[in-house]
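All residue numbers for the sequence shown refer to the numbering used here, where the first residue is 1355 and numbers rise by one.
All residues carry an ideal CB built from backbone N, CA and C; glycine is no exception.
The structure displayed is predicted, hence computed values, not measured ones.
A short write-up of the structure that comes next.
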Amino acid sequence: MKAHDGMYIDGAWRAAAGPDTIAVLNPADEQVIAQVPAGSAEDVDAAVRAARAALPAWAATPPSERAARLAALRDVLTARKDEIAETVTAELGAPLGFSQKVHAASPIAVCGSYADLAASFPFEEKVGNSTVYQEPIGVVAAITPWNYPLHQIVAKVAPALAAGCTVVLKPAEDTPLTAQLFAEAVDEAGVPAGVFNLVTGLGPVTGQALAEHDGVDMVSFTGSTAVGRSIAATAGAGLKKVSLELGGKSANVILPSADLGKAVAVGVANVMANSGQTCSAWTRMLVDADRYEEAVELAAQAAAKYGDRIGPLVNAKQQARVRGYIEKGVAEGARLVAGGPEAPAGKKGFHVSPTVFADVTPGMTIAQEEIFGPVLTVLKYQDEDDAVRIANGTVYGLAGAVWAGDEAEAVAFARRLETGQVDINGGRFNPLAPFGGYKHSGVGRELGSHGLAEFLQTKSLQF
Ligand code: NAD
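Structural data, given as structure tokens:
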């Protein structure tokens, strides 16, 4: 696969300061497909300096011009959508159809939404005898995970650029090729030199150097709760703003009046998508006692059908981790009704079988911790209060779903959930709706105008 052997800094590809590289693997056949540079603190410093130097001019650029650059970026991404899908498939292992439909299409939609928002956002408002200006927060460090490689990048970079901020991106080690493609697209879109910079490298080295750099005003991080906690501490020490999109353990609550067949089918599809590597996946299905066995059977049947349709996990470590959780579920007494810890027979790559556990109790490890693989747990509740208790009974609060015969009933239940997003009766993804977590699932919101506001600070002038 095509790869740059340098960093994109100040509008050009430059050699890295050190000789170290990261091997990029195709998780479907475990072959090395490319090498990218592993950045050092020196590379990070060069990128942050470029971003700082570019900040005054970009911050002063009229929002309509920033909107025009984002529209151009959307158009370049659209023109290169097949290449995006192929690159994500090569380094993440997602089936090509899913890469086209989700990994390529969603960031194009999000980028387009910020082209529109940059042009229409009220960067200035009158409040009594004051004028309040929304100004860019400054240089943003964007640190992203591998699970939706381009979406996670665009969900940070597009609003940051719309706000007038400049950016240094440190993408995940497993998926740097998508990030390099994005940097090419930014360049092609005519974004001025230094406004966007890319440094590839290891989290604890390159990511850490970026998060603690004095020239960074804000760290926007998506990834695990453990790393998010350490980044928040680092940023706190430097009094930088942070926005954190972290882990999840979302509940899919099927109320007694709901269409059980539909709720289970959509619920299983939600967990199996992207091989279960979705932070907002509804990994806990909650069903009332009367229909519990029926739901378990439907879920097991649905999961079995996914056997050949899902891709591998991203790497060997994630595969071992997910299999470890499945073994733990069995050891703690949950009933395996589909899949299991063994890798599917005769398949190359880091596969895990679509797995469903029944007889899961709320305190079990598989009901509490984020597994990040194709594993669904089905839990039983006695009444609505019990369902609320179970749904809210983890440290996470990122997303969820509620199904009921009557929409008002579902909404009333959803309002009791401690979580940032709830899909009602299978409600569709909305790229303009704020996305983010309650509790340990994060701080701040991405997407839409709420996502743009994260990158702004206010100044008020009194008259
Ligand atoms: P991760 O936390 O291991 O890594 C995320 C990023 O942080 C990577 O770029 C990594 O290199 C970097 N990093 C690692 N250690 C660092 C350090 N000490 N300092 C600075 N940067 C560091 O997460 P991951 O395994 O790549 O992604 C999976 C996790 O991301 C899951 O927990 C998932 O729930 C979460 N996630 C959350 C959302 C959301 O919107 N809430 C979205 C996608 C993924």
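Who does residue i pair with in a DSSP beta bridge?
{"i": "residue 1490", "result": "1810"}
{"i": "residue 1389", "result": "1377"}
{"i": "residue 1552", "result": "1362, 1523"}
{"i": "residue 1715", "result": "Answer is none; residue 1715 lacks a bridge partner."}
{"i": "residue 1796", "result": "1599"}
{"i": "residue 1575", "result": "1497, 1598"}
{"i": "residue 1779", "result": "Answer by DSSP bridge pairing: none, since residue 1779 is not bridged."}
{"i": "residue 1367", "result": "1362"}
{"i": "residue 1816", "result": "1484"}
{"i": "residue 1757", "result": "1608"}
{"i": "residue 1642", "result": "1735"}
Would residue i count as contacting chain D if we go by Cβ distances under 8 Å?
{"i": "residue 1731", "result": "Given the protein chain composition of this structure (a single chain), no chain D is represented."}
Within the same chain, show all residues whose beta-carbon is closer than 7 Å to that of residue i, passing over the 5 residues directly before and after it, in chain order.
{"i": "residue 1471", "result": "1516, 1803, 1806"}
{"i": "residue 1407", "result": "1548"}
{"i": "residue 1798", "result": "1597, 1598, 1790, 1808"}
{"i": "residue 1384", "result": "1702, 1703"}
With distance defined between alpha-carbon atoms, name the residue in the options nearest to residue i.
{"i": "residue 1626", "options": "1708, 1719, 1584", "result": "1708"}
{"i": "residue 1496", "options": "1657, 1570, 1623", "result": "1570"}
{"i": "residue 1578", "options": "1598, 1572, 1568", "result": "1598"}
{"i": "residue 1762", "options": "1421, 1583, 1611, 1741", "result": "1611"}
{"i": "residue 1377", "options": "1704, 1390, 1368", "result": "1390"}
{"i": "residue 1669", "options": "1355, 1589, 1382", "result": "1382"}
{"i": "residue 1745", "options": "1545, 1766, 1721", "result": "1721"}
{"i": "residue 1661", "options": "1683, 1649, 1431, 1629", "result": "1629"}
{"i": "residue 1734", "options": "1682, 1725, 1719, 1638", "result": "1638"}
{"i": "residue 1458", "options": "1447, 1467, 1441", "result": "1441"}
{"i": "residue 1414", "options": "1473, 1518, 1738, 1770", "result": "1518"}
{"i": "residue 1371", "options": "1358, 1357, 1398, 1633", "result": "1398"}
{"i": "residue 1636", "options": "1697, 1723, 1567, 1647", "result": "1723"}
Would you check if the distance between the CB atom of residue i and the CB atom of residue j is smaller than 8 Å?
{"i": "residue 1464", "j": "residue 1402", "result": "no"}
{"i": "residue 1758", "j": "residue 1609", "result": "yes"}
{"i": "residue 1755", "j": "residue 1732", "result": "no"}
{"i": "residue 1424", "j": "residue 1512", "result": "yes"}
{"i": "residue 1594", "j": "residue 1572", "result": "yes"}
{"i": "residue 1392", "j": "residue 1374", "result": "yes"}
{"i": "residue 1574", "j": "residue 1494", "result": "yes"}
{"i": "residue 1405", "j": "residue 1498", "result": "no"}
{"i": "residue 1475", "j": "residue 1416", "result": "no"}
{"i": "residue 1825", "j": "residue 1367", "result": "Only positions 1355 to 1817 of the chain appear in this structure, which leaves residue 1825 out of reach."}
{"i": "residue 1539", "j": "residue 1450", "result": "no"}
{"i": "residue 1792", "j": "residue 1774", "result": "yes"}
{"i": "residue 1784", "j": "residue 1633", "result": "no"}
Who are the near neighbours of residue i in its chain, counting only those whose CB is closer than 6 Å to its CB and skipping five residues on each side?
{"i": "residue 1461", "result": "1504, 1505, 1508"}
{"i": "residue 1380", "result": "1387, 1444"}
{"i": "residue 1537", "result": "1362, 1552"}
{"i": "residue 1683", "result": "1711, 1720"}
{"i": "residue 1421", "result": "1469, 1472, 1473"}
Grab me the residues of residue i's own chain with a C-beta within less than 8 Å of its C-beta, minus the 5 sequence neighbours each way, in chain order.
{"i": "residue 1484", "result": "1814, 1815, 1816, 1817"}
{"i": "residue 1794", "result": "1579, 1600, 1601, 1749, 1750, 1751"}
{"i": "residue 1487", "result": "1477, 1478, 1812, 1813, 1814, 1815"}
| request: Determine, using beta-carbon pairs with one atom in the segment 1553-1566 and one in the segment 1520-1530, whether at least three such pairs fall under 8 Å. | output: Touching, yes.
| query | Given 8 Å as the limit, is there contact between the segment 1532-1548 and the segment 1605-1619, that is, 3 or more CB pairs closer than that? | reply | When C-beta atoms of the segment 1532-1548 are compared with those of the segment 1605-1619, fewer than three pairs fall below 8 Å, so the two segments do not count as touching.
| query | How do the segment 1636-1648 and the segment 1677-1684 stand: do at least 3 beta-carbon pairs fall below 8 Å, yes or no? | reply | No: fewer than three Cβ pairs fall under 8 Å.
| query | Are the segment 1682-1694 and the segment 1711-1724 in contact at 8 Å, needing three or more beta carbon pairs? | reply | The segment 1682-1694 vs the segment 1711-1724: in contact.
| query | Is it true that the segment 1656-1669 meets the segment 1694-1707, where meeting means three or more beta-carbon pairs spaced less than 8 Å apart? | reply | Short answer: they touch.
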